[in-house]
Structure formats: structure tokens, C-alpha cells
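In what follows, a single structure is set out as C-alpha cells and then discussed.
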Amino acid sequence: MAVAFKLLASACHFRECQRHKVLHAFLGPLITNHISKMYSSYRRPGTSPDKAPVWKQIDFSTEKIVNGIKKHFKLLKTEIVEHATTYDGQPLHIHLWGQTRVVWKFRSRIDLNRWIASSDIEIGGKSEAYLKLGTNNKSAVFYGTLNTEVPRDGETKYSGYCGYKAKPQLGFFNRKKYYNWTKFNSLYLRVRGDGRPWMINIFTDPYFSHQKDDTYHYFMFTRGGPYWEEITIPFSKFFLCNQGRVQDHQYPLWLDKISTIGFTLGDQAAGPFQLEIDFIGLLMDRTHTEEFAYEQYERNTKF
Numbered sequence: 004m005a006v007a008f009k010l011l012a013s014a015c016h017f018r019e020c021q022r023h024k025v026l027h028a029f030l031g032p033l034i035t036n037h038i039s040k041m042y043s044s045y046r047r048p049g050t051s052p053d054k055a056p057v058w059k060q061i062d063f064s065t066e067k068i069v070n071g072i073k074k075h076f077k078l079l080k081t082e083i084v085e086h087a088t089t090y091d092g093q094p095l096h097i098h099l100w101g102q103t104r105v106v107w108k109f110r111s112r113i114d115l116n117r118w119i120a121s122s123d124i125e126i127g128g129k130s131e132a133y134l135k136l137g138t139n140n141k142s143a144v145f146y147g148t149l150n151t152e153v154p155r156d157g158e159t160k161y162s163g164y165c166g167y168k169a170k171p172q173l174g175f176f177n178r179k180k181y182y183n184w185t186k187f188n189s190l191y192l193r194v195r196g197d198g199r200p201w202m203i204n205i206f207t208d209p210y211f212s213h214q215k216d217d218t219y220h221y222f223m224f225t226r227g228g229p230y231w232e233e234i235t236i237p238f239s240k241f242f243l244c245n246q247g248r249v250q251d252h253q254y255p256l257w258l259d260k261i262s263t264i265g266f267t268l269g270d271q272a273a274g275p276f277q278l279e280i281d282f283i284g285l286l287m288d289r290t291h292t293e294e295f296a297y298e299q300y301e302r303n304t305k306f
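All residue numbers for the sequence shown refer to the working numbering, where the first residue is 4 and numbers rise by one.
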């Protein structure tokens with residue numbers, strides 16, 4: 004149980020707070036290079052905050068503006084065609100009758116570039132995390148070294164985590180796009196690990212601003228060894244957290260507003276690690292009838 008709470012606490016550092024709002028649709032192509040910096044709410048202890056206004060971070064290059072507008076109008080054309088000929092990115096017959104779907108696969112460098120590796124080096128730690136293609140370009144290998152040494156900055160109390168996360172989908176003019184998983188009830192993965200426990204993080208886009216740091220978590224325990232294993236995790240098992248803290252009020256995962264998914268390792272076992280993933284997909288398990296795994300209690304609100 005202690006490992007579970009350490010994993011949960013580590014996940015809050017890997018969470019990006021998406022607070023930045025693009026001021027204008029046409030400014031999106033100009034400030035793309037600064038989005039990751041603006042999205043993060045974490046500031047390393049001892050460093051002064053960046054108070055530079057947004058307009059100073061924009062590159063007003065005419066060539067970049069024209070290329071950006073061309074790119075986003077091309078994306079707009081693609082989205083219109085997909086909306087007219089498919090449903091949720093799938094042909095209509097597959098959407099209606101398909102019981103499985105592969106969302107992320109790793110067969111080329113392009114697939115790999117849709118993911119971002121991260122570690123506690125962002126807060127002054129010494130862990131290292133890398134991402135590469137597996138043998139014959141048939142999988143992704145997330146590997147590195149976990150280091151639990153706490154930075155000597157006088158504020159950080161613990162360290163030792165690594166993780167990786169899929170980049171959120173962006174449409175034309177950097178409009179947010181979401182996955183709709185309402186036809187499925189389980190996450191389905193084919194992995195080959197080294198026996199370490201991983202935390203799976205599912206990010207949703209909230210309807211209200213005070214829910215911006217909400218994340219759903221569940222644990223994936225790999226068995227190690229040379230053989231692949233197929234893991235099925237019902238969505239009803241995922242529990243709600245906010246900045247690494249389990250919430251008293253739990254409610255099911257919003258399957259129509261899925262933003263992205265991530266994995267975090269923080270078991271406090273210093274040393275090398277490796278997780279190889281063939282694909283990440285969805286499954287409709289007809290035998291699974293559970294709606295939500297966590298019992299709710301009525302709270303006394305009279306006092």
C-alpha cells in the first residue's frame with residue numbers, strides 16, 4: 004500500500020496544469036514553442052518567476068505566420084472530410100460493430116514523437132528517462148534509471164519518479180480535440196515489463212475550472228520476464244485524484260472527454276527500469292457489468 008501512495012504522490016509532479024489560453028486563433032502557430040512552458044505551473048525552488056508578458060514571447064516572423072496559417076487550414080480541411088465520412092475517426096461500420104480499437108501503436112518514429120518522456124530532473128532530481136523504438140520497430144521501449152536522491156533546495160521533500168505521456172490532440176488553430184471512448188468499458192494493453200508497478204494516468208478535460216487538476220489513476224503491475232502480457236483494466240476501476248490526492252467524492256471516468264493518457268513510475272526502488280509497449284487500445288468486455296468500483300458514502304452536511 005505504501006508503494007501505491009508513493010506512486011500517487013509522484014504522479015502529481017508529472018501532471019501539467021493546462022491554464023494557458025491562446026489569445027487569438029491566428030496566434031497559435033506563433034507561440035507553439037512556448038506552450039509547454041506556459042502549461043506548467045511548477046517553478047523550481049530558488050528560481051525567480053518569469054514575469055515576461057506573452058506578447059514578448061511571440062515570434063512575429065511573416066514566413067512563420069504564413070506557414071502556420073497554411074498548416075491549420077489544411078488541418079481544417081482534413082477534419083471536415085473526416086467528419087463527413089467517419090464517426091469519431093472510424094468508418095461507420097467499424098464504429099457500430101467493432102469491440103476493440105487500437106488508439107496508440109508504435110511502428111515508426113512518427114508514432115514515437117507523439118509521446119513525451121519526463122522525470123524528476125525537472126525539479127532538480129537525478130532520474131533519467133528515455134523513449135526509443137523496440138526491435139524491428141514493432142514496439143516502444145521506455146527505459147532509464149530511477150534515482151531517489153532528494154534535491155538539496157530546502158523545499159523538495161521527496162524525489163524519484165519517471166513517466167511518459169501522450170501529447171494531447173490539437174485540431175486547426177490549436178483547438179483541443181478529445182477521444183470519445185463511450186463505446187468501450189476497458190483499457191487494453193500489450194506490454195512487457197520488468198516486474199515494477201506502474202501508475203496509469205488518464206487525463207480528461209473538465210467542464211469547470213476548479214477541476215483542471217483532476218486525473219484518474221489505476222495501477223498496472225508487470226510480472227517481468229521475456230514474455231509479453233496482455234492487460235485489461237476496466238474503466239470502472241479508475242479513481243479520481245486532484246494533484247496526487249485521492250478525492251472523497253468519487254465519480255466515474257468521463258469517457259467522452261478523454262484528453263490523453265500517461266504512465267508514471269515512482270516505486271522508490273532506485274535502479275534501472277524498462278517498460279516495452281506493443282499497443283494501447285480499448286476493449287468492450289460484455290462480461291464486465293460493474294459501473295463503478297468505489298462505494299459512495301453520504302456526508303453529514305448539517306454542521
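By construction, the Cβ of each residue, glycine as well, lies at the ideal position given by its N, Cα and C atoms.
Open item on the list: I'd like to confirm the pairing. Which residues does DSSP put opposite N204 in its beta bridges?
Closed with: Beta-bridge partners of N204 (DSSP): H220 and G265.
Open item on the list: Taking 8 Å as the threshold (C-beta atoms), are E152 and K129 in contact?
Closed with: Inclusion of K129 and E152 in the CB contact set at 8 Å is warranted, their separation being smaller than that value.
TODO: Could you tell me whether the Cβ atoms of L243 and Q250 are closer together than 8 Å?
DONE: At a Cβ-Cβ threshold of 8 Å, L243 and Q250 count as neighbours.
TODO: With a cut-off of 8 Å on the beta carbons, I'd call M287 and N188 a contact; round off their distance for me.
DONE: Between M287 and N188 the beta-carbon gap is near 6 Å, inside 8 Å, which marks them as a contact.
TODO: Output the distance between the C-alpha atoms of I72 and P229, rounded to the nearest integer angstrom.
DONE: Here the C-alpha atom of I72 lies approximately 48 Å from the C-alpha atom of P229.
TODO: Return the first residue and the last residue of the beta strand (DSSP E) that D281 is part of.
DONE: Unbroken beta strand (DSSP E) run through D281: G274 to L286.
Open item on the list: On the CB-based measure, 16 or more other CB atoms within 10 Å of its CB, does S111 come out buried or exposed?
Closed with: The Cβ neighbour count for S111, taken over all protein chains shown within 10 Å, is under 16; the residue is labelled exposed.
TODO: Alpha carbon to alpha carbon, how far is I113 from S262? Give it in angstroms, no decimals.
DONE: Taking the straight line from one Cα to the other gives about 19 Å.
Open item on the list: Rounded to the nearest angstrom, what separates A143 and R195 at their Cα positions?
Closed with: CA-to-CA, the gap between A143 and R195 works out to about 10 Å.
TODO: Going by CA-CA distance only, name the one from F222, G163 and N204 that's closest to G269.
DONE: It is G163.
Open item on the list: Assess contact between the segment 294 to 303 and the segment 191 to 210, defined as three or more Cβ pairs (one per stretch) separated by less than 8 Å. Is contact present?
Closed with: Put simply, the segment 294 to 303 does not touch the segment 191 to 210. Fewer than three CB pairs are less than 8 Å apart.
Open item on the list: Measuring CB atoms only, is the segment 229 to 241 touching the segment 167 to 177, in the sense that at least three cross pairs come out at less than 8 Å?
Closed with: No, the segment 229 to 241 is not in contact with the segment 167 to 177.
TODO: Compare the Cα-Cα distances from G227 to each of E298, Q277 and I68 and report the closest residue.
DONE: Of the residues E298, Q277 and I68, the one whose Cα lies closest to the Cα of G227 is Q277.
- [ ] Rank L78, T225, D53 and G166 by C-alpha distance to the C-alpha of Y3 and give the top, closest one.
- [x] In this structure the chain extends from 4 to 306, so residue 3 is not present and cannot be described.
TODO: Take K186 and list the residues in its own chain whose beta-carbon comes closer than 7 Å to its own, dropping the five residues that flank it on each side.
DONE: The residues are M287.
Open item on the list: Please report the distance separating the alpha-carbon of D259 from that of R155.
Closed with: Using only the alpha carbons, I get a separation of about 43 Å.
Task: 4 or more residues per run - each alpha helix (DSSP H) lying fully within the segment 74 to 156 - done: Uninterrupted alpha helix (DSSP H) stretches at least 4 residues long and entirely within the segment 74 to 156 occur at 95 to 100 and 112 to 115, given in chain order.
Open item on the list: If I follow the unbroken beta strand (DSSP E) through N245, where does it start and stop?
Closed with: F242 to N245 is the span of the beta strand (DSSP E), which, as asked, contains N245.
- [ ] Check the DSSP bridge columns for P237 and list the partner residues they point to.
- [x] S189, per the DSSP bridge assignment.
Open item on the list: Per the DSSP calculation, E232 is bridged to which residue(s)?
Closed with: DSSP lists V194 as partners of E232.
Task: Environment of I283 [buried if 16+ CB atoms lie within 10 Å] - done: With 16 or more other Cβ atoms within 10 Å, it is buried.
- [ ] Report yes if the C-beta distance between L115 and G274 is below 8 Å; otherwise report no.
- [x] In this structure, G274 does not lie closer than 8 Å to L115 by Cβ.
TODO: Would you kindly work out how many angstroms separate the C-alpha atoms of Y221 and M202, rounded to a whole number?
DONE: The C-alpha of Y221 lies about 6 Å from the C-alpha of M202.
Task: Buried versus exposed call for D53 [16 or more other C-beta atoms within 10 Å across all chains shown] - done: Flag for D53 reads exposed.
Task: Under the three-state DSSP convention, the category G71 falls into - done: Helix.
Task: Status (buried if at least 16 other CB within 10 Å, exposed otherwise) for T292 - done: A residue is called buried when at least 16 other Cβ atoms come within 10 angstroms of its Cβ; T292 does not meet this threshold and is exposed.
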